[in-house]
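Written out as structure tokens, the structure is:
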């Protein structure tokens, strides 16, 4: 097993078939960044973390959606029907969440199609972040678990705070995750440059994070998260801390970057505009349960 903690896009890498326990996956770093370790290739920073996940996660022996007795938690209803599956279905990870977190009063039984973006909405305390944390692997359920199909996936998280490394340029921030994964410097630079161009930040490569606006920093964070070519992207209210103009710009860049990528994305948001403009479907959560699923 090989493990390395990277900034928002490197995370915890676990060999195929082993349980993923990425405790850093949704850590909110108040400092805005962490300290990179050049010797280990690790860091405590970024908009969460990402990791390579193999197989199923949960309390069951090798299967998610099953407790020690082999049965998934009873939600009291059948699976909500998920409509509007992407054309990339079959090549993009499908996510099945059958899990209960007792202390939070959360119990989910839902399958999310792969290849496009699903918004997760609901009032404060409804259980939106709990669902995201289960998928990230930063929260272990009391019963059940989460499975991906196909099973071997790379998951990355984009949070409300970009959490870029303050001592690195924009270019180096985006390259960092690639370098920690063993990508050579010329290829890392090429891929980082390409990602920055896709979010219209190619003119900012020499700037430091403190020289960026909130919208620019979040767009750089998108480039950094996408540079490692993730299979699953978790978006935890990335537009919430931005003014209206910046939020519109970041929303547009996310839409362009994810369109046709085959990436499976989950977006936690309170803003109906986010769901309307970005999502193929919306999951409404109340009191720790999936209340409704609506396709566009």
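Numbering (the numbering used here), first residue to last: 1347 to 1642.
Glycine residues also receive a C-beta, built at the ideal position from the N, C-alpha and C atoms.
8 Å contact criterion, which residue i and residue j should meet: CB distance rounded
i: residue 1585; j: residue 1578; result: No, residue 1585 and residue 1578 are not in contact; Cβ-Cβ is about 19 Å, not under 8 Å.
i: residue 1463; j: residue 1611; result: 4 Å
i: residue 1568; j: residue 1504; result: 6 Å
i: residue 1566; j: residue 1547; result: 6 Å
Counted within 10 angstroms of its Cβ, other Cβ atoms place residue i as buried (16 or more) or exposed
i: residue 1543; result: exposed
i: residue 1496; result: exposed
i: residue 1519; result: buried
i: residue 1609; result: buried
i: residue 1531; result: exposed
i: residue 1620; result: buried
i: residue 1482; result: buried
i: residue 1606; result: exposed
Same chain only: Cβ atoms within 8 Å of residue i, ignoring 5 sequence neighbours per side
i: residue 1601; result: 1623, 1624
i: residue 1556; result: 1512
i: residue 1517; result: 1535, 1538, 1539, 1542, 1551, 1552
i: residue 1451; result: 1473, 1633, 1634
Cα-Cα separation, residue i to residue j
i: residue 1522; j: residue 1613; result: 25 Å
i: residue 1499; j: residue 1574; result: 12 Å
i: residue 1591; j: residue 1489; result: 43 Å
i: residue 1507; j: residue 1588; result: 10 Å
i: residue 1603; j: residue 1582; result: 17 Å
i: residue 1514; j: residue 1453; result: 41 Å
Neighbourhood of residue i by C-beta distance below 6 Å, restricted to the same chain and skipping five residues each side
i: residue 1638; result: 1630
i: residue 1474; result: 1466, 1468, 1614, 1631
Own chain partners of residue i with C-beta closer than 7 Å, once the 5 adjacent residues on each side are dropped
i: residue 1485; result: 1447, 1476, 1479
i: residue 1559; result: 1592
Near the ligand HEM: residue i beta-carbon under 6 Å from a heavy atom
i: residue 1447; result: The model on display carries no ligand, and the ligand HEM is accordingly not part of it.
Quick check for students: name the residue ranges of the alpha helix (DSSP H) that lie wholly in the stretch 1462-1532, counting only runs of 4 or more. Every alpha helix (DSSP H) stretch that sits fully inside the stretch 1462-1532 and reaches 4 residues is listed by chain position as 1474-1482, 1516-1526.
My parser needs the beta strand (DSSP E) runs of 3 or more residues fully inside the stretch 1601-1626; what are they? Fully enclosed beta strand (DSSP E) runs of 3 or longer: 1610-1614.
Threshold first: 3 residues or longer. Then list the beta strand (DSSP E) segments lying entirely within the stretch 1564-1599, N to C. Here the runs fully enclosed are 1578-1582.
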